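So for the sequence shown, the numbering used here puts the first residue at 91; every next one is plus one. First comes the structure, then the notes that go with it.
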Amino acid sequence: MVAGQSTMVEPKPRASAAQRLEAQETLGISTLDPGHRPPTMPPGRHVTIKVRMLDDTEEVFDISQRASGKVLFDLVCTHLNLVEGDYFGLEYQHHKMMVWLDLLKPIVKQLRRPKHTVLRFVVKFFPPDHAQLLEELTRYLFALQIKHDLACGRLTCNDSSAALLVSHIIQSEIGDFEESQSRQHLLNHSYIPDQMALMDKIMEFHSKNGGQTPAESDYQLLEVARRLELYGVRLHPAKDREGSKLSLAVAHTGVLVFQGHTKINAFNWSKVRKLSFKRKRFLIKLRPDLNSSYQDSLEFLMGSRDCCKVFWKICVEYHAFFRLFEEPKARPKPVLFTRGSSFRFSGRTQKQVIDYVKDSEFKKIPFERKHSRVQHSRSRPSPLSSPHAPQVPRESVSGAPGDRAEVDSPPHRHWKESVNAEDPSALRIKGSPSIQRNVGHGEDTPGPGAEPGPARQPHPDHLNTGVVSNSPHPSAFSVNSHGVVNGQMPVELCGHSPDVRQPSPLTSPLLNDAGSVRTDDEDEVRRKRFPTDKAYFIAKELLTTERTYLKDLEVVTVSFQDSVGKDEAVPDSLKSTIFTNFDPLYKFQSGFLREVEQRLALWEGCSNAHIKGDYQRIGDVMLKHLQGLKPLTAHLQKHSEALVELEKACRCSRRLEVLVRDFELQKVCYIPFNVFILRPLHRLMHYKQILERLCKHYPPAHVDFRDCRAALADVSEVVSQLHGSMIKMENFQKLLELMKDLIGIDNLVTPGREFLRLGCLSKLSGKGLQQRMFFLFNDVLLYTSRGMTATNQFKVHGQLPLYGMTIRESEDEWGVPHAFTLVGQRQSVVVAASSLSEMEKWMEDINVAIVLAESINGPTSDRLANSLTDNKSLTEDSCAEAESEDDLMASRTSLERQAPHRGNTTVHVCWHRNTSVSMVDFSVAVENQLSGNLLRKFKNSNGWQKLWVVFTNFSLFFYKTHQDDYPLASLPLLGYSVTIPTESENIHKDYVFKLHFKSHVYYFRSESEYNFERWMEVIRSATVSASHTRILTRKVSHPY
């Protein structure tokens, strides 16, 4: 909703949204800004105005005639409990054409007969990606708009797309497919013209939608609709200079030209210099382009001056909403003469809406789906604080096979609902009528009327989940309400909107092994039952990390082979290099894992063998394993070759490149795929670290010391053999990963180039300080920006060759905190870091890079210039902040990147948290990988959740159990601090550490002092940068 005017007086208290929605059956969740109140009504005579909602209901609003359109619009949004109201508008018929209600003008000046005018509340701005809609209610309203556009013929498409769209609509309305019910419903309701001819195809698609919740169906409906050429398009009749009949439309990308229902031209905002109209003529002035055959000025003839003005206004609003960072300021009124229209966009821009929802906390408010027969629980959930991140439905629950069993459903079909991993209230166990245990919060609730404590939720950028197939966003964890988890009681999920991630980009996860919160007494009993020797916990770390390692190998040997490996586009050389080397290793490691599991079971006392102490050791098992691994060293040496072979094959085959890209968007591929290829090399280093800790712990006379020392010698020998290729492959892998995040550069991988640091700096220009993403290599420094596009990529704005560069602090010179100046041979740039420590890190690394640049073959700017797609576009003035579709056509690599792109990579985390990461930090992160069970607690909850947690790639990944194939949520740790809770926080437990970033707080408990110290150690490695002096020394004194 648009912010209220400052002159408004405080209104009288009104019933809250929760009090207004007393329906017994709630079918969705909305959110309401806790400080939002209905706008104050100016004095004057009141009039009733009818507004037709998207569900075809009519609401009557009593409003002053002197009130502005904004007051009425805010009343409508308040009535709907709609946070993202800026995407919508009110339209009405004026002289046989539909016009938008102007929010700045008084209503009496716009509606001649208010009592007899019915306004329509409809979608006004259609974003390029529906994942940018962060609220379930918003997506539901968008789905209603699509339904209306289909029915009236405004949204046209081919028969298959139409049938697919309708199948998602009826899935949302009547639930899972049942032939007679579905057929009867289609006979009684018309969704598209000529529906009877497509009835069989609609039913076929509907039968494949089983298990989708209404929220998931909305998401899938928008996923299909947004790919249609006429999605969100309103055609305005016009003619060209030759008199040919055309239609003009406006979209987030710019002005579109249609002939019939076919788009024949598009003028991107970055190409448009000015839009204007004169009488019936609509004029488009383009920026000069030597490579374009278009004239500088284009003219279209419309039906009347009013038609021209209406279209010009919506163009102005679309441009401002999608392209500007903030609402444009009002121009001062001229004293004597006026020239042109004073119209301007009023309201928040899309960026402001997204930032506002992400940074604010809201209460969950149920909303009713008018046309949906799908019923939810009859008990109304209490409004709770909820996270606000893009919410995307998931299709299934992650868990081990057999974790969930189907139970006969009652006559009412209960439906699974997505849960947000950031939401402590996500999961509930259905127990007796008098007791409900809130597993998501970890709270034991005395009864249905108990008030849960307020919950803090993280920023969507802080907690993400695996991505939906074919979507770059994280998805929501969803469970059928009649599913049985691990043979326990059924689980019912409180309705939450799906999160792209979920969120996406999340379930907040997750139940423990028993399907409920583990009590403290159970913890104590379990702790006393297991050994307390440090060697046992070191061995247990071997077991837990080995389980994760085997799952990572399965990504290559099973998931990748099934999704990509069987395709004809994969050359035989690549199959030979990858699968021939990984399959034997996977089988060998599977046997090792079984042996470790058996040894730990005996060590824990599951048999009488532990009495003699014969099995309270692990060195003999590791020695046997490493000796057996030596014959496979040749396979390990070829893993680096697999990375190179994969890159070559992708460059030679577009189809393979698309297949690999799509695979990386699957939930199972939770980190970049080429990292999985290097996992076997990383694992050897982990074995070495574990054996070093065992040798340090054992006295020389211990029965296990000799085996551990021998195993350490064996693994050290193998690591030394692979050391050289490991360093090169880490750098190569990082360059390949960065290529996927950049637009405007064809080949970042050139001989001799080494990555040193990436992160956020503010660049000083004529417009002031602007956030830029910098990428430092040993020969050049690139600076980029990220636009509001679905690809979430960074566009290269410029390059600064390091040869001959100097650097100096310039805080006093410019009056900007933490500023320093980069003086190159051609260009000087002033940048500012977010803190003193960030400035010191950047200056130290850039100085090191300058030394490295001087030591190689002189200037390298020409080498990089050849790899940039368009040097002319690299100047700050000629680069648009948001890359356009035309810009994406600049190169083959850019063309391929128009598909969904994962937005939770390290680069994007650094962008959102205004920090940086060096190659040394990446190397340390590789060394410090850890996994195991932890108990998690939110800031304002009472109980603890048991989760399987994996730390890798600067993030914590959360699973329900270690058997899960993909994570349900993730928490990037860059920017977080890890500490021990203070007495005032009332965490009266042992081995607890606290993760904190701004207002986001998490507590984690480990089972032993050793585990506590290990988790603190590895998490600090992600939150505290490593010593920068290692940049020059890592090749010589690497911790291998």
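Note that CB positions come from ideal geometry on N, CA and C, so glycine has one too. Nothing here was measured: the structure is a model prediction, and the numbers come from that model.
With respect to the 8 Å criterion, Gln823 and Leu768 are classified as neighbours on the basis of their beta carbons.
Contact annotation: Gln235 and Val213 have beta-carbon atoms nearer than 8 Å.
Per DSSP, the continuous alpha helix (DSSP H) segment holding Tyr1100 begins and ends at 1099-1113. In this structure, the alpha-carbon of Leu690 lies about 46 Å from that of Leu832. Residue range 371-376 is occupied by the beta strand (DSSP E) that includes Leu376. His326 is the residue among His326, His258, Leu254 whose C-alpha sits nearest the C-alpha of Met188. For Leu683, the closest of Gln310, Asp710, Ala724, Glu636 by C-alpha to C-alpha distance is Glu636. Following the DSSP letters along the chain, one finds Tyr1093 inside the beta strand (DSSP E) bounded by residues 1090-1095. The C-alpha of Cys740 is placed about 49 Å away from the C-alpha of Tyr788.
Here DSSP, grouped into helix, strand and coil, assigns Asp642 to helix. Along the stretch 862-933, the beta strand (DSSP E) occurs as fully enclosed runs of 3 or more residues at 870-876, 884-891, 896-899, 909-913, 918-922, listed in sequence order. Beta-carbon to beta-carbon, Leu784 and Ile628 are separated by about 6 Å, close enough to satisfy the 8 Å threshold. When the alpha-carbon of Val137 is set against those of Met143, Val150, Lys195, Asp146, the nearest one is in Val150. The stretch 1032-1047 makes contact with the stretch 1055-1069, as at least three CB pairs between them are under 8 Å. With a cutoff of 8 Å on beta-carbon distance, Leu890 and Gly856 are scored as not near each other. In this structure Asp652 is exposed. Its beta-carbon is surrounded by fewer than 16 other beta-carbon atoms within 10 angstroms.
Remark: C-beta atoms of Arg244 and Val198 do not approach each other more closely than 8 Å. Leu288 and Asp249 have their C-alpha atoms roughly 7 Å apart. In this structure Thr622 is exposed. Its beta-carbon is surrounded by fewer than 16 other beta-carbon atoms within 10 angstroms. Thr228 carries a helical assignment under DSSP once its states are collapsed to helix, strand and coil. Bridge pairing for Phe1041: Leu1020, Leu1046 [DSSP]. Taking the CA atoms as reference points, Leu854 sits about 52 Å from Lys460. Between the C-alpha atoms of Ile668 and Thr911 there is a straight-line separation of about 46 Å. Residue His998 holds the alpha-carbon nearest to the alpha-carbon of Met863 among Lys757, His792, Asp396, His998. With fewer than three CB-CB distances shorter than 8 Å, the stretch 747-763 does not count as touching the stretch 715-731. For Lys778, the enclosing alpha helix (DSSP H) has its first and last residue at 763-787.
Here Arg876 is buried: its Cβ has 16 or more other Cβ atoms, across all protein chains shown, within 10 Å. If you draw a straight line from the Cα of His275 to the Cα of Asp146, it is about 19 Å long. Under the DSSP assignment, Lys291 falls in the alpha helix (DSSP H) whose first and last residues are 289-297. Shown here, Leu848 sits in a strand according to DSSP, grouped into three states. By alpha-carbon distance to Pro907, the top candidate from Val323, Ile260, Val921 is Val921. In the DSSP assignment, Tyr182 falls within the unbroken beta strand (DSSP E) covering 178-184.
Taking a cut-off of 8 Å for Cβ pairs, the stretch 295-313 and the stretch 331-339 do not touch, as fewer than three such pairs fall below it.
Going by DSSP, Thr168 is part of the alpha helix (DSSP H) stretching over 159-170.
Taken through DSSP and simplified to helix, strand or coil, Ala341 comes out as strand.
A Cβ-Cβ contact shorter than 8 Å links Glu174 with Leu224.
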